[in-house]
Amino acid sequence: ELLIAASKLRSQNRNAEATEILRQAAEADYGSAQFLYALRMKKSDGKTLYWRRACDWIERSEKHHFIKAAVLLGKCHVSGEWHKQDYIIARHMFEKAARFGDATALRELGTLYIDGHGAEKDAAYGQKLSWIGLVMQNAKALKINANTNGRELPTVRDAFRWLKEGIKQGDAASQWLYGNAYHDGYGTDKDLVKAYEWIFKAATHRHGMAINQLANLYMHGVGVEQNTDMAYAWGMVSARLGNGKARQSI
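For what it's worth, my numbering labels the leading residue of the sequence shown as 1, then goes sequentially.
What follows is the structure, given as structure tokens:
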């Protein structure tokens, strides 16, 4: 009830009153309120005191297994904001949130492995985690059940199941991600011809990333016969859709 009241007050621009209600809920030990109250404090005036207190509330929220708090704590330990930089703690936080289905945490975890921060460097594994994170994020946007059991990280098998559901819906992003599974060998043997076919399908549905990648496939003859005219044509489409790199290369 306190959170609902705070939300109503914010919608009426009564921010001071909303913050006070959040404080009451936070002190009553509601994890979500502790997280929201911390964010309000962080936005206050930027003083170190407020940031330190905000961090304390986020840590309390994370102990209630509030996943957004775990993700934010992980990011803080990566950047060194609020906390001393500690990649091992960051990895622990991202792993915890990823096990409970947070796509952002999974992508952040992938970055740690790619860079070798807080874990032994493994670029291939990190890129796979980041890809699964993208698939999960897209699945949730499509209202596909991408929940996880909280015990293990999502797998490539999970990602393929979500992608197939998205493809059934005719979703271009799912087609593009499926193509990249074949392009990079995620959960399957590399097959550049199949990669081209799926990326082409996504591009014909005006998926921006697929269009840009398709131009590169034609330019370098990956999965399809090299064709600089087609590369230029698709590059033009990509540029018209606002891709800055495509504009520079044309």
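The C-beta atom is built at its ideal place from N, Cα and C for all residues, glycine as well.
Predicted, not measured: the structure shown is a model, and the values here were computed from it.
Item, Value
"If we require 4 or more residues per run, which alpha helix (DSSP H) segments fall completely within the segment 64-122?", "67-79, 87-99 and 103-115"
"DSSP three-state call for Y30: helix, strand or coil?", "coil"
"Taking its Cβ as the centre, do 16 or more other Cβ atoms sit within 10 Å of L241, making it buried, or is it exposed?", "exposed"
"I need the DSSP call for G187, collapsed to helix, strand or coil.", "coil"
"DSSP three-state label for V224, please.", "coil"
"Return helix, strand or coil for N138, following the three-state DSSP convention.", "helix"
"Quick check: what's the CA-CA separation for E20 versus Q169?", "45 Å"
"Grab me the residues of F94's own chain with a C-beta within less than 8 Å of its C-beta, minus the 5 sequence neighbours each way, in chain order.", "A70, V71, G74, A105, L106, E108, L109 and L112"
"Considering only C-alpha positions, which residue in the set S130, G185, A25 and N138 is nearest to H207?", "N138"
"If we require 4 or more residues per run, which alpha helix (DSSP H) segments fall completely within the segment 125-182?", "156-168"
"Restricting to Cα atoms, I'd like to know which of Q12, I132 and H77 is closest to A181.", "I132"
"Compare the C-alpha of D184 against each of A172, I199 and D171 and name the closest.", "I199"
"Using 8 Å as the cut-off, can you tell me whether the segment 189-205 makes contact with the segment 138-149, which would need three or more C-beta pairs spanning the two stretches below that distance?", "no"
"Taking Cβ to Cβ, would you say G179 is nearer than 9 Å to A195?", "yes"
"Give the straight-line distance between the Cα atoms of R10 and A231, rounded to the nearest whole angstrom.", "50 Å"
"Among the residues of its own chain, which have a CB less than 7 Å from the CB of L163, if the five just before and after it don't count?", "V135, S174, L177 and Y178"
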